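Protein chains in written order, with the UniProt record's numbering: chain S, 1 to 191; chain V, 1 to 155; chain E, 1 to 254.
Structure first, commentary second.
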């Protein structure tokens, strides 16, 4: 288990060097997990930062975000292009049907993602949707770096301590002590 | 994605990102599950096959998250790419084998996976009761796993 | 408990003849079952390689993903849970699943310890076959704490203790600070007493029984702050074992 280390020993990121120690310790406010039907299945605060919402408000937030996310996906421009642009992704198999490259969006293999993040002066909401439709919403300080790395790690912890727990029922609220413990320990270790 | 690139991804993940356990523990645990089912279903092997498929399906719905989280791969462009991904990344990182993809139908909707090596069945001999060898599909759990995991990514 | 049929076959395997020079792919087991050979009895795969042609140490250092184990074990737990009346019943079922593994692993341990080195697990070798079975409790427990744990989990167990209470001289404790089988499992709050390492307790029980030590083994949660899933395996030997132990002690058998 990694012992918590402080501020400057953590991987730094460019641009915010001066604020490194501040942003890393104050980086992650909270996490929400939404199942593929739009239901809230996990909500946890890691430090005071965002103001508290009632449970009901969190449910509304999850459902609303789910809906908005779906709309942003459906309004993603799908612009027809006359000539298939040379795409590095399709250079290999040779079996890709030519029809798939006649639109600039979506590119095969790069699905339309919908709303990726939402930012205010005080916080940033990053959404990561897995290919199975589960959404991880991470609330961070706007200056927190490597949010993608954090979310990726959270996804791995979820695959380990939620999905491999025989007492967890898929799509239901996440109540897994080991997930809480490892998530907390990892985020503290980063701080 | 090219076939060789897919292979490399599988190899790389297996080598660097997969926590390992003794293979015998896994094989023996799986054997115990099948033996228990044969006992519980009174050697009605059709029922055992069905139950194995169901268990696999449950596993598949969960295992897909591990696959995606560990591999970081995106959506496949077509079914042939999916087949390659299953064989060279999926089976590689979970069972350290790479089955051969073959027997494609002309409409590209069906293929077979051929295993030269099957760790689940290592040192397994089916019951000598005159039926098991015809009726028991010892590794049927794998079919369920594929069904469950593909369904979660909308196949 | 009846010895499973495959148990007997494992012992007889010693040195399989090496592969018979064919690279033909061995078809998947499930497909073999569908091959239309009409002869009754056990079938030989098309490439003529049976399990007896493979060396038992072939899988000795083989590794699989821990995730695969976790998923299979999880299904075992889920399945066991379907027909149980409570936590104790569930643990009993998991214990029963581990038991046959213990019997098999015991033979594998002996096979490997005798074929690789002559350093005995125990001293007595009066009978020619199979040598080196532990005769005394402490030798047996060391076998479990060390070689068995290393075979299963690639490391020794964390502690081995004898009950200090004069009322329970037949009780021993094997501690694992972080049992691999429980790594990803969080029992629901209303089942906080549950310890799925009952499966491992069953394995231990199988090893002890296979050695001729009648035993009951159970797994208990003993968390510490540092080791939240620390587990103590309580090994309780039966009265006949304790009586025999006294006789052997007097006879100076080690």
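Positions of the beta carbon are idealized from the N, C-alpha and C atoms, including for glycine.
Just so you know, these numbers come straight off a predicted model, no measurement behind them.
Query - As assigned by DSSP and simplified to three states, the class of residue 38(V) - result: helix
Query - Cross-strand partners of residue 221(E) (DSSP beta bridge) - result: 231(E)
Requested in this report: Please report how far the alpha carbon of residue 72(S) lies from the alpha carbon of residue 113(S), in whole angstroms.
Outcome: 8 Å
**Report entry** Min CB distance residue 217(E) to chain S below 8 Å
**Finding:** no
Query raised in the report: Run through DSSP, which three-state label would residue 176(E) get?
Result: strand
Query - Contact set between residue 177(S) and chain E, taken where Cβ atoms lie within less than 7 Å - result: 186
Report task. Please determine if the segment 207-222 of chain E and the segment 94-113 of chain E are in contact, where contact requires at least 3 C-beta pairs separated by less than 8 Å. Result -> yes
Query raised in the report: Under a Cβ-count criterion, where at least 16 other Cβ atoms within 10 Å of its own Cβ denotes burial, should residue 56(S) be classed as buried or exposed?
Result: exposed
Query raised in the report: At a Cβ threshold of 8 Å, is residue 181(S) touching chain E?
Result: yes
Requested in this report: Give the secondary structure of residue 100(V) by DSSP, where H, G and I count as helix, E and B as strand, and everything else as coil.
Outcome: strand
Query raised in the report: Taking 8 Å as the CB-CB limit, is residue 95(S) close to chain V?
Result: Note on residue 95(S): pLDDT 43, under 50, position unreliable in the model; the coordinate value appears next. Yes, its Cβ sits closer than 8 Å to a Cβ of chain V.
Query raised in the report: Do you know how far the Cα of residue 68(E) is from the Cα of residue 67(V)?
Result: 11 Å
Requested in this report: Can you pull the chain B residues whose beta carbon is under 8 Å from the beta carbon of residue 165(S), in chain order?
Outcome: In the structure shown, chain B does not exist; the protein chains are S, V and E.
Query raised in the report: Is residue 138(S) helix, strand or coil when you go by DSSP?
Result: strand
**Report entry** residue 68(E): contacting residues in chain V (beta-carbon distance under 7 Å)
**Finding:** 26, 94 and 95
Report task. Report the neighbours of residue 228(E) on chain S: residues whose CB is nearer than 9 Å to its CB, in chain order. Result -> 177, 178 and 181
Query raised in the report: In chain order, what residues of the segment 142-171 of chain S put their CB closer than 7 Å to some CB of chain E?
Result: 160, 161, 164, 165, 166 and 167
**Report entry** Three-state secondary structure (DSSP) of residue 145(V)
**Finding:** helix
Requested in this report: For residue 215(E), count neighbouring Cβ atoms within 10 angstroms of its own Cβ and tell me buried if that reaches 16, exposed if not.
Outcome: buried
Query raised in the report: Between which two residues does the alpha helix (DSSP H) harbouring residue 30(S) extend?
Result: Here residue 30(S) belongs to no alpha helix (DSSP H); instead the beta strand (DSSP E) covers 28-34.
Query - CA nearest to the CA of residue 149(V), picked from 83(V), 32(V), 35(V) and 39(V) - result: 83(V)
Query - Through-space distance from residue 242(E) to residue 170(E), alpha-carbon basis - result: 7 Å
Report task. Report yes or no: do the segment 167-177 of chain S and the segment 138-150 of chain S share at least 3 C-beta pairs separated by less than 8 Å? Result -> no
Query raised in the report: For residue 119(V), which residues of its own chain have a beta-carbon under 8 Å away from its beta-carbon, when the five flanking residues on both sides are left out?
Result: 23, 26, 27, 95, 96 and 97
Requested in this report: Using a Cβ-Cβ cut-off of 8 Å, state whether residue 89(V) counts as contacting chain E.
Outcome: no
Report task. Identify the continuous beta strand (DSSP E) that holds residue 118(S) and give its terminal residues. Result -> 117-119
Query raised in the report: Given residue 101(V), which residues of its chain have a CB within under 7 Å of its CB, disregarding the five upstream and five downstream residues?
Result: 83, 84, 87, 111 and 113
Query raised in the report: Are the beta-carbon atoms of residue 165(S) and residue 186(E) separated by less than 8 Å?
Result: yes
Query raised in the report: Considering only the beta carbon of each residue, do residue 41(V) and residue 34(V) sit closer than 8 Å?
Result: no
Requested in this report: Determine the DSSP secondary structure at residue 51(V), reduced to helix, strand or coil.
Outcome: helix
Query raised in the report: The alpha helix (DSSP H) spanning residue 156(S) covers which residue range?
Result: 147-161
Requested in this report: In angstroms with no decimal places, state the Cα-to-Cα distance between residue 140(E) and residue 116(V).
Outcome: 39 Å
Requested in this report: Could you list which residues in chain S have their beta carbon closer than 9 Å to that of residue 78(E), in chain order?
Outcome: 166 and 167
Report task. With DSSP collapsed to three states, give me the class of residue 4(V). Result -> helix
Query raised in the report: Between the C-alpha atoms of residue 100(E) and residue 9(V), what's the straight-line distance to the nearest angstrom?
Result: 38 Å
Query - residue 238(E) vs residue 102(E) beta-carbon contact at 8 Å - result: no
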